[in-house]
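Visitor: Take a look at this one; I'll ask things after.
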C-alpha cells in the first residue's frame, strides 16, 4: 500500500498494490499493522455497503459531533464517484476547505478520513457501490451534515444532482448556524 497525504492534514489517499496471476487479482484493503506503520490507527467496528442505482445520486456531507466523531476508510467497489471531504476542525489551517477525489472500480484506492471531517459523494455512473469502515457506531443524536450547495464550501460537482434525500437537502447552510453551534 502507498499512502499519500492530501493538502488537508490527516486525510490520506491509499493506493492498493495488486498481486496478479492466472487466477486473477488480489489486493489487501486493510491491515491494522500496515496502517499503524503509516501512523493511521483506528479500531474499525462497523462496515457499511451502499448501493446507488442512479447516476447523480448525492450522499453527504455527513459527520458526527464529538464525542461521537469517527474515522472512515472509504472505497468505491463498483462504478465511479467524485468524493468530497470538508475539514471541520476549527483549529486547522484548512478549516472549511475541501478536497475531492475520483474513486472508481478501475483504480484500487481508498480514502482515510480522520475525525473532524464531513464526507460526501456524487455518483458518476449508474449502479455505483461504496464500502465504508467506521471507527464509531452510528449515533442518530450526533449526526449532522452540510449541504453540497452551501456557498461557504464552494463544491464544484461534475454532474447534476438527480437523487438526494430530504435530510441531505435540508441541512442548514453554514450562514444559518448559530456561531456557538459546534461543527
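Residue numbers (our numbering): 95 to 277.
Just so it is clear, CB atoms sit at the ideal spot from N, CA and C, and this is done for glycine as well.
The structure presented is a predicted model; accordingly, all values stated were derived computationally and were not measured.
(1) Quick check: the region 126 to 145 against the region 239 to 258, are there 3 or more CB pairs under 8 Å?
(2) When you compare the CB positions of residue 95 and residue 128, do they come within less than 9 Å of one another, or not?
(3) Between the Cα of residue 125 and the Cα atoms of 174, 151, 227 and 187, which residue gives the shortest distance?
(4) Cα-Cα, which of 202, 108, 121 and 215 is closest to residue 254?
(5) Spatial neighbours of residue 113 within its chain, please: C-beta separation below 6 Å, excluding the five flanking residues on both sides.
(6) If you run the structure through DSSP and keep just helix, strand and coil, what is residue 231?
(7) Looking at the structure shown, is residue 241 part of a helix, part of a strand, or coil, going by DSSP?
(8) Is it the case that the region 231 to 239 contacts the region 166 to 186, given that we only count it when at least three CB pairs across the two stretches are under 8 Å?
(9) Over the uninterrupted beta strand (DSSP E) stretch that includes residue 194, give me the two end residues.
(10) Indicate the three-state DSSP secondary structure (helix, strand or coil) for residue 254 in the structure shown.
(11) Expressed to the nearest angstrom, what Euclidean distance is found between the alpha-carbon atoms of residue 177 and residue 230?
(12) Here's the rule: buried if 16 or more other CB atoms are within 10 angstroms of the residue's CB, otherwise exposed. What is residue 164?
(13) Please report how far the alpha carbon of residue 275 lies from the alpha carbon of residue 115, in whole angstroms.
(14) Can you grab the Cα-Cα spacing for the pair residue 195 / residue 118, in whole Å?
(15) I'd like to know if the region 98 to 106 and the region 197 to 214 are in contact, where contact means that at least 3 CB-CB pairs between them fall below 8 Å.
(16) Would you list the one or two residues that DSSP bridges to residue 146?
(17) How many angstroms separate the CA atom of residue 257 from the CA atom of residue 268?
Guide: Quick answer:
(1) no
(2) yes
(3) 227
(4) 215
(5) 120
(6) coil
(7) coil
(8) no
(9) 192 to 198
(10) coil
(11) 21 Å
(12) buried
(13) Unreliable placement is indicated for residue 275, whose pLDDT of 49 sits below 50; the coordinate value is still reported in the next sentence. So the two alpha carbons sit approximately 54 Å from each other.
(14) 27 Å
(15) yes
(16) 222
(17) 22 Å
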